[in-house]
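Residue numbers (my numbering): 3 to 417. Just so it is clear, CB atoms sit at the ideal spot from N, CA and C, and this is done for glycine as well. Everything below concerns the one structure shown next.
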């Protein structure tokens with residue numbers, strides 16, 4: 003048995019101090035939809051509702067084994083890593099200092115404090131994560147504390163590899179395919195390095211949010227690179243630079259095995275899992291399930307494991323998720339109309355709407371010095387084709403209109 007497998011199994015055994023193996027569940031809905039056996043590895047059901055507790059536990063136990071006098075650990079995180087570190091600090095009875103951006107939602111601060119109790123101190127520093135990270139690392143240098151990286155640490159990667167040990171022990175035979183989300187790379191590196199040794203016939207697909215494809219960029223450059231711009235919607239996986247240690251393991255992954263998931267499509271997956279299955283997934287937690295849509299042609303008849311990496315979803319974001327899902331499915335659009343300022347003009351427009359068209363937003367600014375006024379209108383419908391009929395009517399009536407649904411600049415300000 004080589005060191006990779008030995009260390010992964012030791013990490014998996016250590017997890018039992020805190021929680022039982024997370025379930026590996028066959029999902030009948032997804033299996034029927036894709037004509038495959040789809041199993042979900044439910045990392046959203048750990049005590050902190052994400053896999054991050056694994057890396058934190060393994061790294062902390064190994065540091066304490068090497069240096070029993072180390073009593074203070076530090077991390078920088080606004081989400082799952084902070085909660086995992088807090089939980090493990092309380093477990094080992096050590097002090098934790100958790101740096102979070104000032105902009106962190108109160109719900110996440112409160113949850114982290116509940117997990118860590120009196121063993122942790124939360125410091126709100128910086129408007130952006132880079133500022134928070136710099137403050138945390140400076141504190142470590144001054145105080146001699148140990149910094150716990152969320153992914154760029156061999157001990158953290160070993161901890162995440164415990165997911166692979168559990169998957170293989172929960173199945174009568176290895177899966178044909180494992181789909182893994184990628185952010186900083188710790189989870190995917192740990193799982194792949196272990197399954198490559200124990201089940202070399204199993205294949206992998208990795209999934210990144212389209213607005214944060216740091217692994218795809220690193221594979222193209224042959225080294226980790228920093229993305230100029232990152233869409234933060236998939237906050238648990240929107241990482242500008244993949245970790246150096248994970249990339250050493252992932253550098254031979256074929257680029258075509260890395261799937262880019264559009265943020266709006268991820269929203270449709272989150273809603274489907276919530277409405278159909280009653281499973282609450284955060285955006286990053288839905289990545290592996292969302293990738294099934296891109297793989298439909300090649301997974302039929304296969305046994306596929308999707309790792310649902312987290313379920314820490316703030317329901318205040320649900321309206322945004324629904325909005326983005328509707329826009330992706332073509333069921334909601336925003337138009338700017340130039341409407342003549344005369345009696346009956348609005349009625350004429352309303353009569354063009356079909357029976358399934360619903361006005362979700364309407365803003366009209368009447369200017370008495372002009373013959374036309376601008377209207378911002380949001381329309382929801384039951385089928386994308388209904389918009390084709392509406393647009394044909396607008397054109398036939400000679401109306402001046404513009405679809406701004408996909409205009410990012412305009413949407414940011416007026417939608």
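Less than 7 Å between C-beta atoms, sequence neighbours within five positions excluded: which residues of the same chain meet that for residue i?
i	result
residue 219	227 and 229
residue 72	65, 66 and 148
residue 487	The question about residue 487 has no answer, for the chain in this structure spans 3 to 417.
residue 21	48 and 49
residue 105	129
residue 388	356, 358 and 359
residue 404	337 and 338
What residues match up with residue i in a beta bridge as DSSP calls it?
i	result
residue 54	None; residue 54 has no bridge partner.
residue 77	100
residue 260	208
residue 366	377
residue 308	42 and 181
residue 340	376 and 402
residue 123	99
residue 421	With the chain covering only 3 through 417, there is no way to say anything about residue 421.
residue 335	381
residue 149	76
residue 26	43
For residue i versus residue j, is the C-beta spacing smaller than 7 Å?
i	j	result
residue 382	residue 334	yes
residue 86	residue 103	no
residue 308	residue 291	yes
residue 190	residue 208	yes
residue 77	residue 83	yes
residue 262	residue 187	no
residue 183	residue 286	yes
residue 380	residue 362	yes
residue 264	residue 222	no
residue 378	residue 365	yes
residue 37	residue 302	yes
residue 310	residue 42	yes
residue 68	residue 16	no
residue 170	residue 200	yes
residue 332	residue 386	yes
residue 343	residue 299	no
Can you tell me the Cβ-Cβ gap for residue i and residue j, rounded? I've got them flagged as a contact below 8 Å.
i	j	result
residue 340	residue 402	4 Å
residue 96	residue 117	The Cβ separation is near 14 Å, so there is no contact.
residue 60	residue 157	6 Å
residue 122	residue 88	5 Å
residue 173	residue 392	Going by Cβ atoms, the distance from residue 173 to residue 392 rounds to 50 Å, so no, they are not a contact pair.
residue 40	residue 294	7 Å
If I measure Cβ to Cβ from residue i and keep anything under 8 Å in the same chain, skipping five residues before and after, which residues do I get?
i	result
residue 266	326, 327, 329 and 330
residue 399	350 and 354
residue 9	160 and 163
residue 113	85 and 314
residue 224	253
residue 422	Coverage of the chain is limited to positions 3 through 417, which leaves residue 422 absent and any answer about it impossible.
For residue i, which residues of its own chain have a beta-carbon under 6 Å away from its beta-carbon, when the five flanking residues on both sides are left out?
i	result
residue 271	288, 291 and 292
residue 119	92
Would you verify that the beta carbon of residue i is, or is not, closer than 7 Å to some beta carbon of chain B?
i	result
residue 341	Among the chains in the structure shown there is no chain B, since it carries only a single protein chain.
Check whether the stretch 33–52 and the stretch 306–325 are in contact - that is, three or more C-beta pairs closer than 8 Å.
yes
Touch test, the stretch 291–306 against the stretch 171–178, Cβ-Cβ under 8 Å, three pairs minimum
yes
Does the stretch 208–217 come within contact of the stretch 237–250, defined as at least 3 CB pairs closer than 8 Å?
yes
Inter-stretch contact at 8 Å, needing at least 3 Cβ pairs: the stretch 132–152 / the stretch 99–114
yes
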